[in-house]
Amino acid sequence: MRTQVAIIGAGPAGLLLGGLLEKEGIDTVILERRSQDYVLGRIRAGVLEQGSVGLLDKAGVGARMHAEGLVHDGVEFCFDGDKHRFDFRKLIGRTVMVYGQTEVTRDLMHARELSGAKTIYEADNVSLHGFDGDHPTVRYVKDGIEQEIVCDYIAGCDGYHGVSRASVPADALQTFERIYPFGWLGILVDRPPVSDELIYAHHARGFALCSMRSPTRSRYYVQVPANEAVEAWPDDRFWDELRRRVDPETAGNLSTGPSIEKSIAPLRSFVAEPLRFGRLFLAGDAAHIVPPTGAKGLNLALNDVGCLADALGEFYGEKSEAGVNHYSERVLKRVWKAERFSWWMTSILHTFPDTDPFGRRMQRAEFDYLVGSEIGARSLAENYTGLPL
Ligand code: RFL
Ligand code: PHB
Numbered sequence: 001m002r003t004q005v006a007i008i009g010a011g012p013a014g015l016l017l018g019g020l021l022e023k024e025g026i027d028t029v030i031l032e033r034r035s036q037d038y039v040l041g042r043i044r045a046g047v048l049e050q051g052s053v054g055l056l057d058k059a060g061v062g063a064r065m066h067a068e069g070l071v072h073d074g075v076e077f078c079f080d081g082d083k084h085r086f087d088f089r090k091l092i093g094r095t096v097m098v099y100g101q102t103e104v105t106r107d108l109m110h111a112r113e114l115s116g117a118k119t120i121y122e123a124d125n126v127s128l129h130g131f132d133g134d135h136p137t138v139r140y141v142k143d144g145i146e147q148e149i150v151c152d153y154i155a156g157c158d159g160y161h162g163v164s165r166a167s168v169p170a171d172a173l174q175t176f177e178r179i180y181p182f183g184w185l186g187i188l189v190d191r192p193p194v195s196d197e198l199i200y201a202h203h204a205r206g207f208a209l210c211s212m213r214s215p216t217r218s219r220y221y222v223q224v225p226a227n228e229a230v231e232a233w234p235d236d237r238f239w240d241e242l243r244r245r246v247d248p249e250t251a252g253n254l255s256t257g258p259s260i261e262k263s264i265a266p267l268r269s270f271v272a273e274p275l276r277f278g279r280l281f282l283a284g285d286a287a288h289i290v291p292p293t294g295a296k297g298l299n300l301a302l303n304d305v306g307c308l309a310d311a312l313g314e315f316y317g318e319k320s321e322a323g324v325n326h327y328s329e330r331v332l333k334r335v336w337k338a339e340r341f342s343w344w345m346t347s348i349l350h351t352f353p354d355t356d357p358f359g360r361r362m363q364r365a366e367f368d369y370l371v372g373s374e375i376g377a378r379s380l381a382e383n384y385t386g387l388p389l
């Protein structure tokens, strides 16, 4: 089989890259290890920056998002029960869109099916070859038969545990990592959200987040120790803990019900450098991980492939390698700023096992500064709604 760009992974990064390249007349094949249903069953991020909304529009998949997504003008922070609303629209004239990663994935898959572009699900033993030369290939096993794709470029969009980054020689790659001593226990519930906007709560017992997917479906999280077992958290225990960590008004208004999904995500910061190795690119979670506190993981993934699609468009359209040569440097500048913001949000909102009384006062002072300073609040708004490239 021959294609121009072989894409590894049918998460949001791989699917959006496929969609953007198809729009430019560039042929792609996506190889995905899992089944389509499995990919659609994963519950992950929920907040889109304005730039991400623009990229989905550019790929021609924005219609349902604009019809069903919820435009949010701001978020609320709740610090030991004191609540404050940050109005992004007033502060900097920008907003975010609440529309689940699952729905983004579904819309991209649907568009790809209509376009006839090829996606191979349940592709086993994917391996990457020859990307240090001009004729890279990708091999995989489908239904027990080994296959090979010859291509011009390989896009590694296969997430943190994927094969793409692992295929790069160790001495060509530098990695930076921080693992946090806690995770997020999340539940999904078919009940209306407790508030019109997201509530990020800091409490001595730990962080909590009230989020949503639609006017009838809510998503809630509480910080739990690393290595906690989901089985230790029956629904009643979850709701009791959440109520303790938010302000009394929110606690009283919570509409609880049986969870339809419950899982624990570990928190990690991670960046690989560089993001290009000859004819292989890394994008999305394959290249970097942020703790979810800043709502940046999905947005970074979409932004990476927006840049990569421009670079490859330039290569095929104008026969210029300038964009391809600058991809890594260009993307990493913005990635590091999102890493900083996600780390900072995580630092002020969570309870760390080793935080002493001084550290707790510092967290409180950060909150009081943001509440009291329009300049501080504008910085939060600028980062949360997404920095320009
Ligand atoms: P994805 O979505 O992980 O997609 C990668 C795809 O590659 C496939 N794959 C392979 N395919 C072929 N061969 C192989 N060897 C392969 N290895 C892997 C995988 O099956 C998968 O389909 O990465 P992508 O596209 O870069 O998208 C990134 C986002 O998914 C991610 O940043 C966010 O979802 C992060 N994240 C969250 N972000 C938020 O902003 N808010 C959240 O609440 C939130 N929750 C989460 C998350 C990430 C999680 N992971 C990765 C464990 C919850 C979880 C559980
Ligand atoms: C979510 O709705 O899943 C969500 C929202 C905001 C975050 C993280 C997760 O910062």
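Counting with the numbering used here, you get residues 1 to 389 for the letters of the sequence shown.
The C-beta atom is built at its ideal place from N, Cα and C for all residues, glycine as well.
Exercise. Could you give the distance in angstroms between the alpha-carbon of G306 and the alpha-carbon of A208?
Worked result: Translated into the one-based positions of the sequence shown, residue 306 becomes position 306. Translated into the one-based positions of the sequence shown, residue 208 becomes position 208. Near 32 Å, if we compare the C-alpha coordinates of A208 and G306.
For this session: Pull every residue with its beta-carbon under 5 Å away from any heavy atom of the ligand PHB, and keep them in chain order.
Result: G46, V47, S211, R219, P292 and A295
For this session: Given a cut-off of 8 Å, decide if V222 and L242 are closer than it, judged by their beta-carbon atoms.
Result: Here residue 242 refers to the residue found at position 242 when the sequence shown is read from its first residue. Here residue 222 refers to the residue found at position 222 when the sequence shown is read from its first residue. The answer is yes: Cβ separation under 8 Å.
Exercise. Whose C-beta lies closer than 6 Å to the C-beta of P353 among residues of the same chain, with five residues either side of it excluded?
Worked result: Residue mapping note: residue 353 aligns to position 353 of the sequence shown, counting from 1. Closer than 6 Å at Cβ, skipping near neighbours: P181.
Problem set entry | Cβ-heavy atom distance, Y160 to the ligand RFL, below 7 Å | What you label residue 160 is simply residue 160 of the sequence shown in a count that begins at 1. For the ligand RFL, at least one heavy atom lies less than 7 Å from the Cβ of Y160.
Problem set entry | Alpha-carbon to alpha-carbon, G93 and P234 | To locate residue 234, count along the sequence shown from 1; it is residue 234. To locate residue 93, count along the sequence shown from 1; it is residue 93. Answer to the nearest angstrom: the Cα atoms are 41 Å apart.
For this session: Please classify F131: does DSSP put it in a helix, a strand, or coil?
Result: Against the sequence shown, residue 131 aligns to sequence position 131. In this structure, F131 counts as coil in the three-state DSSP scheme.
Exercise. Whole alpha helix (DSSP H) runs in the segment 226–288 with 4 or more residues, listed along the chain?
Worked result: 235–245 and 248–253
Problem set entry | Alpha carbon of K296 to alpha carbon of E177, nearest angstrom | Looking up residue 296 in the sequence shown gives position 296. Looking up residue 177 in the sequence shown gives position 177. If I take the Cα positions, the gap works out to 17 Å.
Exercise. Would the beta-carbon of S263 be found less than 7 Å away from any heavy atom of the ligand RFL?
Worked result: The residue given as residue 263 occupies position 263 in the sequence shown. S263: yes, Cβ under 7 Å from the ligand RFL.
Exercise. Which residue or residues does DSSP assign as beta-bridge partners of Y121?
Worked result: Mapped onto the sequence shown, residue 121 falls at position 121. Answer is none; Y121 lacks a bridge partner.
Exercise. From which residue to which residue does the alpha helix (DSSP H) around K90 run?
Worked result: Position 90 of the sequence shown, counted from the start, is the residue given in the question as residue 90. First-last of the alpha helix (DSSP H) with K90: F88 to I92.
Exercise. Should S211 be labelled buried (16 or more other beta-carbon atoms within 10 Å of its own) or exposed?
Worked result: Here the question's residue 211 lines up with position 211 in the sequence shown. Buried, since its Cβ has 16 or more Cβ neighbours within 10 Å.
For this session: State whether the segment 326–344 contacts the segment 259–273, with contact taken as three or more CB pairs (one from each stretch) at a distance under 8 Å.
Result: yes
For this session: Determine the direct distance from the alpha carbon of R205 to that of W184, and round the result to whole angstroms.
Result: By 1-based counting over the sequence shown, the position of residue 184 is 184. By 1-based counting over the sequence shown, the position of residue 205 is 205. Computed Cα separation, rounded: 13 Å.
For this session: Leaving aside the five residues before and after L31 along the sequence, list all residues of the same chain whose C-beta is less than 6 Å from its C-beta, in chain order.
Result: Numbered from 1 along the sequence shown, position 31 holds the residue referred to as residue 31. For L31, where only same-chain residues beyond five positions count, the Cβ hits under 6 Å are I8, I120, A123, V126 and Y140.
For this session: May I have the straight-line CA-CA distance separating A232 from A170, to the nearest angstrom?
Result: By one-based count along the sequence shown, residue 232 stands at place 232. By one-based count along the sequence shown, residue 170 stands at place 170. Each residue's alpha carbon lies about 39 Å from the other.
For this session: Flag this pair as touching only if the segment 76–92 and the segment 20–27 have three or more C-beta atom pairs under 8 Å; answer yes or no.
Result: no
For this session: Flag this pair as yes or no: are the beta carbons of G162 and A286 separated by less than 8 Å?
Result: In the sequence shown, residue 162 corresponds to position 162, counting from 1. In the sequence shown, residue 286 corresponds to position 286, counting from 1. In contact: G162 and A286 (Cβ atoms closer than 8 Å).
For this session: Give the single residue among R279, E24, H66 and R89 whose Cα lies nearest to the Cα of D152.
Result: Against the sequence shown, residue 152 aligns to sequence position 152. Per the Cα distances, R279.
Exercise. With respect to the alpha helix (DSSP H) encompassing V371, which residues constitute its N-terminal and C-terminal limits?
Worked result: Taking the sequence shown and counting its residues from 1, the one referred to as residue 371 is at position 371. That run of the alpha helix (DSSP H) goes P357 to G372.
Problem set entry | Any 3 or more C-beta pairs closer than 8 Å across the segment 63–74 and the segment 82–90 | yes
Exercise. Which residue's Cα is closest to the Cα of L387: E49, C157 and G25?
Worked result: By one-based count along the sequence shown, residue 387 stands at place 387. If we check each option's Cα against that of L387, E49 comes out closest.
For this session: Return the chain-ordered list of same chain residues with a C-beta closer than 6 Å to the C-beta of L55, the five sequence neighbours on each side being excluded.
Result: Locating residue 55 in the sequence shown gives position 55, where the first residue counts as 1. The answer, listed in chain order, is L302 and G306.
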